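The structure under discussion appears below in the form of C-alpha coordinates.
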Amino acid sequence: MILYRQYVGNNVYSSLGFKIYQLVFEHNFTTSRCFKDAGEARNSSAPGKFSILYDLENKKYIMKDHFRHFIAEYPEIKLINSWKQINSPTEENEVPGQTNASGFVPDITELPMNGWGGLVRTNMLDINYNVKFSYLDGNPGIWT
1 MILYRQYVGN
11 NVYSSLGFKI
21 YQLVFEHNFT
31 TSRCFKDAGE
41 ARNSSAPGKF
51 SILYDLENKK
61 YIMKDHFRHF
71 IAEYPEIKLI
81 NSWKQINSPT
91 EENEVPGQTN
101 ASGFVPDITE
111 LPMNGWGGLV
121 RTNMLDINYN
131 VKFSYLDGNP
141 GIWT
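First residue of the sequence shown? That's 1 in the UniProt record's numbering, and the numbers climb one at a time after it.
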(Lines of atoms letter the chains of each structure in order from A and count residues from 1; the text may use other names and numbers.)
(Lines give C-alpha, C1' and ligand atoms only; values in the text may rest on other atoms or scores of the structure.)
Protein backbone atom coordinates (compact mmCIF):
# COMPACT_ATOMS: atom_id res chain seq x y z
CA MET A 1 0.00 0.00 0.00
CA ILE A 2 1.27 3.47 -0.83
CA LEU A 3 -0.02 6.56 0.89
CA TYR A 4 -0.79 9.53 -1.33
CA ARG A 5 0.34 12.87 -0.03
CA GLN A 6 -1.76 16.01 0.01
CA TYR A 7 -0.07 19.36 0.51
CA VAL A 8 -1.83 22.08 2.48
CA GLY A 9 0.32 25.14 3.07
CA ASN A 10 3.57 23.98 4.69
CA ASN A 11 2.03 20.72 5.94
CA VAL A 12 1.83 17.34 4.27
CA TYR A 13 -1.06 14.95 4.98
CA SER A 14 -2.07 11.41 4.05
CA SER A 15 -5.22 9.50 4.81
CA LEU A 16 -5.78 5.90 5.77
CA GLY A 17 -9.30 4.68 6.28
CA PHE A 18 -11.14 7.62 7.77
CA LYS A 19 -8.10 9.05 9.56
CA ILE A 20 -5.93 11.94 8.39
CA TYR A 21 -2.22 11.76 9.25
CA GLN A 22 0.28 14.62 9.21
CA LEU A 23 3.78 13.91 7.93
CA VAL A 24 6.22 14.43 10.79
CA PHE A 25 9.33 12.62 9.52
CA GLU A 26 10.72 11.50 6.19
CA HIS A 27 14.20 10.39 5.24
CA ASN A 28 14.99 9.57 1.63
CA PHE A 29 18.22 7.65 2.12
CA THR A 30 18.74 7.36 -1.64
CA THR A 31 19.23 11.13 -1.98
CA SER A 32 20.61 12.26 1.38
CA ARG A 33 22.91 11.27 4.19
CA CYS A 34 21.94 10.40 7.74
CA PHE A 35 20.87 13.13 10.13
CA LYS A 36 24.00 14.65 11.67
CA ASP A 37 22.66 14.87 15.23
CA ALA A 38 19.54 14.74 17.41
CA GLY A 39 18.80 18.41 16.72
CA GLU A 40 18.61 17.81 12.98
CA ALA A 41 16.57 14.62 13.51
CA ARG A 42 14.04 16.64 15.52
CA ASN A 43 13.73 19.57 13.10
CA SER A 44 14.85 19.56 9.48
CA SER A 45 13.74 20.60 6.04
CA ALA A 46 16.97 19.75 4.21
CA PRO A 47 16.67 18.05 0.78
CA GLY A 48 15.83 14.37 1.30
CA LYS A 49 15.18 14.97 5.01
CA PHE A 50 12.08 16.29 6.71
CA SER A 51 11.37 16.28 10.42
CA ILE A 52 9.06 18.05 12.82
CA LEU A 53 9.55 15.43 15.53
CA TYR A 54 10.04 18.29 17.99
CA ASP A 55 6.34 19.07 17.55
CA LEU A 56 5.12 15.56 18.53
CA GLU A 57 5.17 16.65 22.16
CA ASN A 58 2.27 18.99 21.31
CA LYS A 59 -1.04 17.77 22.74
CA LYS A 60 -2.75 18.36 19.36
CA TYR A 61 -1.47 14.91 18.28
CA ILE A 62 -3.39 13.12 21.05
CA MET A 63 -6.59 11.68 19.61
CA LYS A 64 -9.94 11.18 21.36
CA ASP A 65 -8.87 7.68 22.41
CA HIS A 66 -5.89 9.28 24.26
CA PHE A 67 -3.37 7.71 21.87
CA ARG A 68 -1.03 9.07 19.23
CA HIS A 69 -1.48 7.23 15.91
CA PHE A 70 1.45 6.54 13.56
CA ILE A 71 2.18 5.08 10.14
CA ALA A 72 5.59 3.94 8.92
CA GLU A 73 5.66 3.78 5.13
CA TYR A 74 8.26 1.85 3.15
CA PRO A 75 7.77 3.25 -0.38
CA GLU A 76 10.50 1.11 -1.97
CA ILE A 77 8.53 -2.04 -1.19
CA LYS A 78 5.05 -0.44 -1.09
CA LEU A 79 4.20 -1.58 2.44
CA ILE A 80 3.08 0.18 5.61
CA ASN A 81 2.75 -0.51 9.30
CA SER A 82 0.41 1.50 11.49
CA TRP A 83 0.09 1.53 15.25
CA LYS A 84 -0.82 3.68 18.18
CA GLN A 85 0.95 4.44 21.43
CA ILE A 86 0.31 6.74 24.37
CA ASN A 87 3.48 8.87 24.51
CA SER A 88 5.39 10.85 21.97
CA PRO A 89 8.46 8.85 20.92
CA THR A 90 10.55 11.95 21.62
CA GLU A 91 9.42 11.89 25.27
CA GLU A 92 9.50 8.21 26.16
CA ASN A 93 12.96 6.81 26.81
CA GLU A 94 13.92 3.22 26.07
CA VAL A 95 13.88 1.00 29.18
CA PRO A 96 15.97 -2.20 29.34
CA GLY A 97 13.74 -5.26 29.05
CA GLN A 98 10.61 -3.25 28.14
CA THR A 99 9.93 -4.21 24.53
CA ASN A 100 6.96 -1.94 23.79
CA ALA A 101 6.29 1.78 23.95
CA SER A 102 3.63 2.65 26.54
CA GLY A 103 0.23 1.61 25.27
CA PHE A 104 1.58 0.17 22.00
CA VAL A 105 -1.19 -1.39 19.89
CA PRO A 106 -0.44 -2.63 16.34
CA ASP A 107 -2.99 -1.88 13.62
CA ILE A 108 -1.92 -2.66 10.05
CA THR A 109 1.14 -4.89 9.81
CA GLU A 110 1.95 -5.36 6.14
CA LEU A 111 5.60 -5.66 7.03
CA PRO A 112 6.35 -8.27 9.70
CA MET A 113 6.71 -6.54 13.05
CA ASN A 114 9.12 -9.03 14.58
CA GLY A 115 10.12 -7.22 17.76
CA TRP A 116 8.46 -3.97 16.67
CA GLY A 117 6.99 -2.25 19.71
CA GLY A 118 6.33 1.36 18.73
CA LEU A 119 8.86 4.18 18.84
CA VAL A 120 10.88 5.40 21.82
CA ARG A 121 14.05 7.46 22.36
CA THR A 122 17.00 5.12 22.05
CA ASN A 123 19.66 4.54 24.68
CA MET A 124 21.75 2.15 22.58
CA LEU A 125 25.35 3.33 22.26
CA ASP A 126 27.93 2.48 19.63
CA ILE A 127 30.73 1.45 21.97
CA ASN A 128 33.37 2.30 19.36
CA TYR A 129 32.37 5.96 19.26
CA ASN A 130 30.30 6.36 22.47
CA VAL A 131 27.41 7.88 20.49
CA LYS A 132 23.81 6.75 20.09
CA PHE A 133 23.09 4.68 16.97
CA SER A 134 19.83 6.47 16.27
CA TYR A 135 17.45 9.02 17.72
CA LEU A 136 14.42 6.70 17.89
CA ASP A 137 14.16 2.93 18.28
CA GLY A 138 11.31 0.76 16.99
CA ASN A 139 12.59 -2.36 18.71
CA PRO A 140 12.89 -1.06 22.28
CA GLY A 141 14.47 -2.75 25.25
CA ILE A 142 16.33 -5.39 23.27
CA TRP A 143 19.78 -3.83 22.97
CA THR A 144 20.05 -1.76 26.15
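Where a beta carbon is used, it is the ideal one built from N, C-alpha and C, also for glycine.
Quick caveat, the model's predicted, so the values are computed rather than measured.
The beta strand (DSSP E) that contains residue i, what's its start and end?
| i | result |
| --- | --- |
| residue 72 | 68-74 |
| residue 94 | Residue 94 -> no beta strand (DSSP E), and no H or E assigned at all. |
| residue 21 | 19-22 |
| residue 82 | 79-85 |
Given a threshold of 16 other Cβ atoms within 10 Å of its Cβ, counted over all protein chains shown, does residue i qualify as buried or as exposed?
| i | result |
| --- | --- |
| residue 36 | exposed |
| residue 33 | exposed |
| residue 76 | exposed |
| residue 81 | buried |
| residue 117 | buried |
| residue 87 | buried |
Confirm, please, whether the CB-CB distance from residue j to residue i is below 8 Å.
| i | j | result |
| --- | --- | --- |
| residue 53 | residue 99 | no |
| residue 50 | residue 29 | no |
| residue 111 | residue 71 | no |
| residue 135 | residue 38 | yes |
Who are the near neighbours of residue i in its chain, counting only those whose CB is closer than 7 Å to its CB and skipping five residues on each side?
| i | result |
| --- | --- |
| residue 92 | 101, 102, 120, 121 |
Under 8 Å Cβ to Cβ from residue i, same chain only, skipping five residues before and after it: list those, please.
| i | result |
| --- | --- |
| residue 43 | 51, 52, 53, 54 |
| residue 11 | 22, 23 |
Give the range of the alpha helix (DSSP H) segment to which residue i is assigned.
| i | result |
| --- | --- |
| residue 40 | 38-42 |
What does a CB cutoff of less than 6 Å around residue i pick up in its chain, not counting 5 residues either side in sequence?
| i | result |
| --- | --- |
| residue 61 | 68 |
| residue 139 | 115 |
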